[in-house]
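*Asks:* In the working numbering, the protein residues as written are 3 to 290.
A virtual CB, placed ideally from N, CA and C, is assigned to each residue, including glycine.
Keep in mind that this is a model prediction, so the values were computed, not measured.
First the structure, which I've put down as structure tokens, then a few questions once you've had a look.
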């Protein structure tokens, strides 16, 4: 459903995979720079296709560890910490879809990634969509993870707008008291492991509250219009704990395919990694 770090102009801290992986092509926690902000990423595997994984709200690139281990045997796999989260920098003031999309583009460009399949979880669905629009010759496909569940819905009423404003005010001034109960009650399934709940809630509790709240501000991003612009089929790997309404895709003539992971909450890639990997492998096969 934000400590100033000095800018670094070159790739730093290339850590070979001696501790966790014996393959010489594995690299961990490397930094690139996007207009003064460090973006920390991992880069594993080789291949003519790159999978670039982008995490969701208040979490980080380690949520893709199972996918890195599985897919880097056949593909180049890159994961990033979005600025403001994980190990990446926080030294800017804008935290909207446009800025995050530019961050992803910077990674694609500076690493010279080609044939990129962008995989974005939760709020990163918007981010990878914007990045694909910005880099049309490098991005070949988009995969959303538990997002785009109801595009092109009704126009918000005055009451909706007022309620949203109130919630945002509460989130800004009482972040933990608002965010943690909401996530605990709304984003987990009844069978979600306690260890996963603890991990997610701990990451939210440690998040920079200013940045985290700013990410939730509506920035005018129109999903339906952006999907029309990108002209790419949208693949979704969604949990079925909440409904995916496909009416908006059909109404707007947007090509899509939805695959479901049963009985997980909002984090299928860590709740059922094998099923998730199998679904993503099918998507990649369809794309290729």
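Determine the burial state of residue 227: buried for a count of at least 16 other Cβ atoms within 10 Å of its Cβ, exposed for fewer.
*Replies:* So residue 227 ends up on the exposed side.
*Asks:* Ordered along the chain, which non-local residues of its own chain (more than five positions away) have a Cβ less than 6 Å from that of residue 27?
*Replies:* Low per-residue confidence applies at residue 27: pLDDT is 49, beneath 50, and the placement is therefore not dependable enough to give any value.
*Asks:* For residue 167, report the span of its alpha helix (DSSP H) as first-last.
*Replies:* Unbroken alpha helix (DSSP H) run through residue 167: 160 to 175.
*Asks:* Decide if the segment 97 to 114 is in contact with the segment 151 to 160; the criterion is three or more beta carbon pairs, one per stretch, under 8 Å apart.
*Replies:* No, because fewer than three Cβ pairs between the segment 97 to 114 and the segment 151 to 160 fall closer than 8 Å, the two stretches do not touch.
*Asks:* On the three-state DSSP scale, how would you describe residue 96?
*Replies:* Residue 96 falls in the coil class under three-state DSSP.
*Asks:* Under the three-state reduction of DSSP, which class applies to residue 122: helix, strand or coil?
*Replies:* Residue state, collapsed to three classes: strand.
*Asks:* Does the segment 119 to 137 touch the segment 251 to 261, meaning 3 or more C-beta pairs lie closer than 8 Å?
*Replies:* Verdict: no, contact absent.
*Asks:* Cβ of residue 222 within 7 Å of Cβ of residue 125?
*Replies:* No, Cβ-Cβ distance for residue 222 and residue 125 is not below 7 Å.
*Asks:* Cα-Cα, which of 271, 68, 167 is closest to residue 241?
*Replies:* If we check each option's Cα against that of residue 241, 271 comes out closest.
*Asks:* Kindly indicate which residue of 236, 279, 177, 93 has the alpha-carbon position closest to the one of residue 141.
*Replies:* Checked all of 236, 279, 177, 93; the closest Cα to residue 141 is 236.
*Asks:* CA-CA distance, residue 20 and residue 164?
*Replies:* Caution is warranted here: a pLDDT of 27 is assigned to residue 20, below 50, making its placement in the model unreliable, and no coordinate value can be reported.
*Asks:* Within 10 angstroms of its Cβ, does residue 105 collect 16 or more other Cβ (buried), or is it exposed?
*Replies:* With 16 or more other Cβ atoms within 10 Å, it is buried.
*Asks:* Starting from residue 55, follow its DSSP beta bridges and name the residues at the other end.
*Replies:* Answer by DSSP bridge pairing, in chain order: 81, 121.
*Asks:* Run through DSSP, which three-state label would residue 24 get?
*Replies:* Note that residue 24 scores 39 on pLDDT, short of 50, meaning its location in the model is unreliable and no value can be drawn from it.
*Asks:* Between the alpha carbons of residue 97 and residue 288, how many angstroms are there, rounded?
*Replies:* Each residue's alpha carbon lies about 34 Å from the other.
*Asks:* Considering only DSSP beta bridges, list what residue 44 is partnered with.
*Replies:* DSSP, once it has assigned bridges, lists 81 as partnering residue 44.
*Asks:* Which residues does DSSP list as the beta-bridge partners of residue 116?
*Replies:* For residue 116, which the question treats as bridged, DSSP gives no partner whatsoever.
*Asks:* Taking residue 42 and residue 103 to be in contact with their CB atoms under 8 Å, please state how far apart those CB atoms are, rounded to whole angstroms.
*Replies:* Contact flag wrong, Cβ pair sits at about 18 Å.
*Asks:* Since residue 2 sits in a beta bridge, which residues does DSSP pair it with?
*Replies:* Residue 2 falls outside the range modelled here, since the chain spans only 3 to 290, and no answer is possible.
*Asks:* Report the rounded CA-to-CA distance for residue 262 versus residue 35, giving the unit in angstroms.
*Replies:* For residue 262 and residue 35, the distance between alpha carbons rounds to 36 Å.
*Asks:* Just curious, the alpha helix (DSSP H) that residue 282 is in, first and last residue?
*Replies:* Here the alpha helix (DSSP H) through residue 282 covers 275 to 289.
*Asks:* If you measure between the beta carbons of residue 260 and residue 246, is that distance less than 7 Å?
*Replies:* Against a cut-off of 7 Å, the Cβ pair of residue 246 and residue 260 comes out as a contact.
*Asks:* Counting C-beta neighbours from all protein chains within 10 Å, is the total for residue 33 16 or more, i.e. buried, or is it exposed?
*Replies:* Its Cβ being crowded by 16 or more others within 10 Å, residue 33 is buried.
*Asks:* Excluding the five sequence neighbours on either side, which residues of its own chain have a C-beta within less than 6 Å of the C-beta of residue 23, listed in chain order?
*Replies:* Residue placement at residue 23 is flagged as unreliable, the pLDDT there being 38, under the threshold of 50; a coordinate-derived value is accordingly withheld.
*Asks:* Specify the secondary structure class of residue 204 as computed by DSSP and reduced to three states.
*Replies:* Reduced to three states, the DSSP call for residue 204 is helix.
*Asks:* Taking buried to mean at least 16 other C-beta atoms within 10 Å of its own C-beta, is residue 188 buried or exposed?
*Replies:* Exposed: under 16 other Cβ atoms inside 10 Å.
*Asks:* For residue 162, which option in 220, 130, 54, 211 has the closest C-alpha, if you only look at C-alpha atoms?
*Replies:* Checking every option, the nearest Cα to that of residue 162 belongs to 220.
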